[in-house]
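Per the numbering used here, the very first residue in the sequence shown carries number 620; after that it's consecutive.
Even for Gly, the Cβ is constructed at its ideal location relative to N, Cα and C.
Scroll down for the structure; my scribbles are underneath it.
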Amino acid sequence: MNGTTTIAEFRDAVLDPAKRAHYRLAWLSTVDHKRIAVLYMLTALVFFVIGGTEALFIRLQLIVPNNHFLQPDTFNQLFTMHGTTMIFLVVMPVVFGLANYVLPLQIGARDMAFPRLNAFGFWCVPFGGILLHFSVLAGGAPAVGWFSYAPLSETPYSSSPGVDYWAVALFVL
């Protein structure tokens with residue numbers, strides 16, 4: 620696959636249900652560096668909306684002094700999840716997406732050196748993001764700050780299993 624799609628191919632892929640399913644599967648199983656770059660950007664956009672929603676809740680808490688919109692522990696959890704989401708699931712995928720798209724074109728390569736490894740690297744991002752946000756459902760998100768410094772990262776302050784999911788997700792990312 621050379622990565623280019625004609626208007627007729629696109630029209631057929633949209634109109635015919637069998638071709639539409641094949642078209643979606645081709646995007647999800649691609650090893651083309653340009654398509655992977657687009658997938659990185661779309662994933663970053665989805666997590667940008669999630670991180671922006673977390674930021675909105677943080678700002679709603681801080682809009683007036685002595686606001687009781689969020690509990691203090693919930694505020695710390697949102698702060699941790701917002702910082703981690705924006706750094707590891709928005710900024711880094713945007714950089715990787717730009718590098719995936721532009722770098723092979725700049726050096727004149729047809730594709731990346733290891734295209735399947737490139738695709739695997741992309742699929743680690745959505746999986747890591749889902750695992751990261753699963754920590755919210757697994758007993759509470761971590762309230763350790765997005766940098767996870769002591770003393771907030773020690774057992775008395777973060778005894779929920781959400782911290783473990785958060786740490787594993789950071790290893791995946």
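Q. Taking the Cβ atom as the reference point for each residue, do Thr699 and Ala757 lie within a distance shorter than 8 angstroms?
A. What you label residue 699 is simply residue 80 of the sequence shown in a count that begins at 1. What you label residue 757 is simply residue 138 of the sequence shown in a count that begins at 1. Contact: no.
Q: Can you tell me which of the three DSSP states Arg729 falls into?
A: For this step, residue 729 is matched to residue 110 along the sequence shown. DSSP places Arg729 in coil when its eight states are reduced to three.
Q: Would you decide whether Asp692 is buried or exposed? Buried here means 16 or more other CB atoms lie within 10 Å of its CB.
A: Residue numbering aside, residue 692 sits at position 73 when the sequence shown is read from its first letter. Classification of Asp692: exposed, given that the 10 Å Cβ count is below 16.
Q | Reference Lys653; option with closest CA among Leu644, Val721, Leu681, Ile677 | A | Looking up residue 653 in the sequence shown gives position 34. Of Leu644, Val721, Leu681, Ile677, the residue nearest in Cα terms is Val721.
Q. If we count the other Cβ atoms within 10 Å of its Cβ and call it buried at 16 or more, is Ala732 buried or exposed?
A. Within the sequence shown, residue 732 is the residue found at index 113, counting from 1. Its Cβ having fewer than 16 others within 10 Å, Ala732 is exposed.
Q.
Rounded to the nearest angstrom, what separates Leu792 and Val744 at their Cα positions?
A. One-based indexing of the sequence shown puts residue 792 at position 173. One-based indexing of the sequence shown puts residue 744 at position 125. Going by the C-alpha atoms only, they are around 6 angstroms apart.
Q: Output yes or no for whether 8 angstroms exceeds the beta carbon distance between Asn719 and Tyr659.
A: One-based indexing of the sequence shown puts residue 719 at position 100. One-based indexing of the sequence shown puts residue 659 at position 40. Their beta carbons are under 8 angstroms apart, which means Asn719 touches Tyr659 by this criterion.
Q: Using 10 angstroms around the beta-carbon of Ser648, count the other beta-carbons present and answer buried if the total reaches 16, otherwise exposed.
A: On the sequence shown, residue 648 is found 29 positions in, with the first residue counted as 1. Exposed: under 16 other Cβ atoms inside 10 Å.
Q.
When you compare the CB positions of Phe688 and Gln696, do they come within less than 8 angstroms of one another, or not?
A. Start at 1 with the first residue of the sequence shown, and residue 688 comes out as number 69. Start at 1 with the first residue of the sequence shown, and residue 696 comes out as number 77. No, these two residues do not count as a Cβ contact at 8 angstroms.
Q: Please classify Leu689: does DSSP put it in a helix, a strand, or coil?
A: As a first step, residue 689 is located in the sequence shown; it is residue number 70 there, counting from the start. Leu689 falls in the coil class under three-state DSSP.
Q) Which runs of the alpha helix (DSSP H), 4 residues or longer, sit entirely within the segment 641 to 695? A) 652 to 681
Q) Any contact of the segment 670 to 680 with the segment 745 to 753, i.e. 3+ C-beta pairs under 8 angstroms? A) no
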